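This report refers to the structure that appears directly beneath it.
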Amino acid sequence: MAKVVVGPAGIETISGALMKPKKKDGHKCGNYLVATHRQAASTSDACQRLYAKRSDAYARSTVPQAKELAARARFSSVAAAVKARSKDLMQQATDISNFLAQKDTPTGKKTMKAYLWKVCGDAYDAALAGA
Numbered sequence: 772m773a774k775v776v777v778g779p780a781g782i783e784t785i786s787g788a789l790m791k792p793k794k795k796d797g798h799k800c801g802n803y804l805v806a807t808h809r810q811a812a813s814t815s816d817a818c819q820r821l822y823a824k825r826s827d828a829y830a831r832s833t834v835p836q837a838k839e840l841a842a843r844a845r846f847s848s849v850a851a852a853v854k855a856r857s858k859d860l861m862q863q864a865t866d867i868s869n870f871l872a873q874k875d876t877p878t879g880k881k882t883m884k885a886y887l888w889k890v891c892g893d894a895y896d897a898a899l900a901g902a
């Protein structure tokens with residue numbers, strides 16, 4: 772979906788996908804139409820760009836390597852562990868106290884979610900190394 776900013780004179784900026792190809796019976800019809808709006812400071816007045824890309828422009832051209840598949844598996848496993856742990860009432864009090872204890876340290880995580888990702892990620896890595 773595209774984000775459109777409308778002002779008194781009409782459309783000011785557009786950013787995002789304006790059009791995507793339709794997929795029907797394994798066949799894609801149409802092209803991508805993508806708009807970008809640069810917000811970074813610059814001396815150029817050209818901050819709005821519009822790109823038209825083929826329907827297969829975002830198709831993957833290579834097979835995922837073992838390293839990428841392992842990273843995907845780790846991400847999905849740790850994400851499920853974080854979701855389960857954040858809802859576990861038996862673990863919540865301990866997690867909150869441990870989070871607050873490490874929060875103000877130089878390498879401490881500043882949000883509870885980041886802390887849970889670190890704890891669950893470390894547990895996943897330890898289980899994988901021990902297996």
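Quick note, the sequence shown lines up with residues 772 to 902 if you use the working numbering.
From the three backbone atoms N, C-alpha and C, an ideal C-beta is built for every residue, glycine too.
Source: prediction; values computed, not measured.
**Asked** Any idea if F846 is buried or exposed, counting beta-carbon neighbours within 10 angstroms, 16 or more meaning buried?
**Response** When all chains shown are included, F846 counts as exposed.
**Message:** Can you give me the C-alpha to C-alpha distance between A812 and K791, rounded to a whole angstrom?
**Reply:** So the alpha carbons of these two residues sit roughly 30 angstroms apart.
**Request:** Could you name each continuous beta strand (DSSP E) segment of 3 residues or more that falls completely within the stretch 817-872, going from the start of the chain to the end?
**Result:** Unbroken beta strand (DSSP E) runs of no fewer than 3 residues, entirely contained in the stretch 817-872, are found at 819-824, following chain order.
**Cα-Cα separation, Q872 to K884** = As written in the sequence, residue 872 is Ala, which differs from the Gln given in the question. About 15 angstroms.
**Span separating the alpha-carbon of P779 from that of Y886** = Going by C-alpha positions, P779 is about 45 angstroms away from Y886.
**Request:** Taking M883 as part of the alpha helix (DSSP H), name the residues at either end of that continuous run.
**Result:** From DSSP, the alpha helix (DSSP H) with M883 extends over M883 to G901.
**Message:** Could you compute how far the alpha carbon of K880 sits from the alpha carbon of K874?
**Reply:** Going from the Cα of K880 to the Cα of K874 covers about 6 angstroms.
**Request:** Report back the beta-carbon spacing between Y895 and S848 to the nearest angstrom; my notes put them in contact at under 8 angstroms.
**Result:** The beta carbons of Y895 and S848 sit about 6 angstroms from each other, so the pair counts as a contact at 8 angstroms.
**Inter-residue Cα distance where the pair is A823 and R831** = Cα to Cα, A823 sits roughly 18 angstroms from R831.
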